[in-house]
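Residue numbers (our numbering): 16 to 506.
By construction, the Cβ of each residue, glycine as well, lies at the ideal position given by its N, Cα and C atoms.
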């Protein structure tokens, strides 16, 4: 028990709406420097704003006034989502500003681009966090004193960096493989710099709302505020701190209004205050009032994603690793460049979403990844991103010309990518022709021209593979089926 004898509950919501790049082909390189699917990004933002952000913010504002200082919540808004609010839904940003003005809501600092930079570069990490703090001050009028990393990614080293930047606390996952016999329901501290307090997510109580609320096959369905408060009360004798961390889109988007999720949100604070000894606090308050029971050692990065609670959602295969390495190989040049559009594109290209789309996971994790993924395959996501990144590199080269050797390496790499894309495109055209007119012969135009007979095997989504027959014509070359990206199957 803490010296104060108080028991705290922290309700934290992540607000980050993934955005999409447009379909960017190799043939656009050097010609089209605009990478974003504005139509999709705006329509998705407007939909989520109307279904989630506006009604949920209104409910929380009502609850703050209703409970007169006893109900407090915590948010993190990435710099990217703040910019999306400014572009597509300014009324949402206004509603968050009203919440900030109550003094009952804490806004956490994070990486401005919702990026994986903490896994690559300390200096770049600190630069992004500083930029995000400035955005919170400018658009919400708040000074961030606690921190959350992208997707709750945390390690001892990352925590020490955060402590050196002056933050009081950090949020991360209460992963079983790092806790062992310890409970997530207490306050801990960083093993390198004990000044930084660590709030560990109770993933059972969190996922009861985030993932099981709408599941009619769940033995606890339907989940009511009173039932949830009773579970919290049972934990009171052996708990000092309960951390309920959720995606904000849980309310109205992942669980629609018809499920009763907004009714649950409205009645939950009153039930907790009435039936449990816990009191709502923000991370900074918790760091000031409670004392850590011990340090906790987390040498390898963890997160709140997937069954493994590690970073394999973003760096679990060769595609993801190659893309991230390529991205941050450009950091030095970007930081020296004064072009405003280059700087903006650099921020957007760092979003962790791009690497999440390249995941090759299966089973329950695969279903979650597919829900958010606009691409048909991880290979498709990788090729689209690398095309954009290649054009971005071409633009950088105008400011920082490469050596002759570097230019030759780049040309060779570009030729390989171009060859793979041409093969992929031709195989796709054959498949379309085969599906529409499987008995007809099709002529396939190609770049090089010689006299040969070409047969290209084509696989359909179901059934046996078919062969697309073509006549022996002048000036054609044999086609090879498109290569498939290797996938890593993990449980």
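Terminal residues of the beta strand (DSSP E) in which residue i lies
{"i": "residue 7", "result": "Residue coverage of the chain in this structure runs from 16 to 506, which leaves residue 7 outside it and unanswerable."}
{"i": "residue 120", "result": "120 to 122"}
{"i": "residue 203", "result": "203 to 205"}
{"i": "residue 509", "result": "Summary: the structure shown does not reach residue 509, with the chain confined to residues 16 through 506, and so no result is reported for it."}
{"i": "residue 279", "result": "No beta strand (DSSP E) contains residue 279, which is instead part of the alpha helix (DSSP H) from 276 to 290."}
{"i": "residue 161", "result": "161 to 163"}
{"i": "residue 522", "result": "A question about residue 522 goes unanswered here, because the residues of the chain that appear run from 16 up to 506."}
{"i": "residue 511", "result": "With the chain covering 16 to 506 only, the question about residue 511 has no answer from this structure."}
Proximity below 9 Å, CB of residue i to CB of residue j
{"i": "residue 119", "j": "residue 144", "result": "no"}
{"i": "residue 206", "j": "residue 186", "result": "no"}
{"i": "residue 91", "j": "residue 139", "result": "no"}
{"i": "residue 302", "j": "residue 202", "result": "yes"}
{"i": "residue 394", "j": "residue 95", "result": "no"}
{"i": "residue 182", "j": "residue 211", "result": "yes"}
{"i": "residue 290", "j": "residue 258", "result": "no"}
{"i": "residue 350", "j": "residue 372", "result": "no"}
{"i": "residue 294", "j": "residue 146", "result": "no"}
{"i": "residue 338", "j": "residue 136", "result": "no"}
{"i": "residue 23", "j": "residue 311", "result": "no"}
{"i": "residue 240", "j": "residue 296", "result": "no"}
Residue i burial status per 10 Å Cβ neighbour count (16 or more: buried)
{"i": "residue 415", "result": "exposed"}
{"i": "residue 376", "result": "buried"}
{"i": "residue 68", "result": "buried"}
{"i": "residue 307", "result": "buried"}
{"i": "residue 324", "result": "buried"}
{"i": "residue 46", "result": "exposed"}
{"i": "residue 253", "result": "exposed"}
{"i": "residue 196", "result": "exposed"}
{"i": "residue 199", "result": "buried"}
{"i": "residue 356", "result": "exposed"}
{"i": "residue 153", "result": "exposed"}
{"i": "residue 49", "result": "exposed"}
{"i": "residue 54", "result": "exposed"}
{"i": "residue 33", "result": "buried"}
{"i": "residue 176", "result": "buried"}
{"i": "residue 322", "result": "exposed"}
{"i": "residue 4", "result": "This structure cannot settle anything about residue 4, because the visible part of the chain is limited to 16 through 506."}
{"i": "residue 40", "result": "exposed"}
{"i": "residue 31", "result": "buried"}
{"i": "residue 221", "result": "buried"}
{"i": "residue 129", "result": "buried"}
{"i": "residue 255", "result": "buried"}
Simplified DSSP assignment, three categories, for residue i
{"i": "residue 537", "result": "Any answer about residue 537 is impossible in this case: the structure gives the chain only from 16 up to 506."}
{"i": "residue 210", "result": "coil"}
{"i": "residue 143", "result": "helix"}
{"i": "residue 22", "result": "strand"}
{"i": "residue 326", "result": "coil"}
{"i": "residue 310", "result": "strand"}
{"i": "residue 101", "result": "helix"}
{"i": "residue 215", "result": "strand"}
{"i": "residue 28", "result": "strand"}
{"i": "residue 241", "result": "helix"}
{"i": "residue 388", "result": "coil"}
{"i": "residue 130", "result": "strand"}
{"i": "residue 381", "result": "With a pLDDT of 49 at residue 381, under the threshold of 50, the predicted position of this residue should be treated as unreliable, and no value is reported."}
{"i": "residue 155", "result": "helix"}
{"i": "residue 305", "result": "coil"}
Whole-Å CB distance - residue i paired with residue j, under 8 Å assumed
{"i": "residue 561", "j": "residue 169", "result": "Residue 561 cannot be examined here, being either before or after the span of the chain that is shown, 16 to 506."}
{"i": "residue 71", "j": "residue 266", "result": "4 Å"}
{"i": "residue 89", "j": "residue 36", "result": "The Cβ separation is near 30 Å, so there is no contact."}
{"i": "residue 342", "j": "residue 336", "result": "Residue 342 to residue 336, Cβ: 11 Å. No contact."}
{"i": "residue 157", "j": "residue 115", "result": "5 Å"}
{"i": "residue 268", "j": "residue 21", "result": "Residue 268 to residue 21, Cβ: 34 Å. No contact."}
Host alpha helix (DSSP H) of residue i (start-end)
{"i": "residue 88", "result": "From DSSP, residue 88 is part of no alpha helix (DSSP H) but of the beta strand (DSSP E) over 88 to 92."}
{"i": "residue 350", "result": "346 to 351"}
{"i": "residue 54", "result": "53 to 63"}
{"i": "residue 362", "result": "355 to 364"}
{"i": "residue 73", "result": "69 to 82"}
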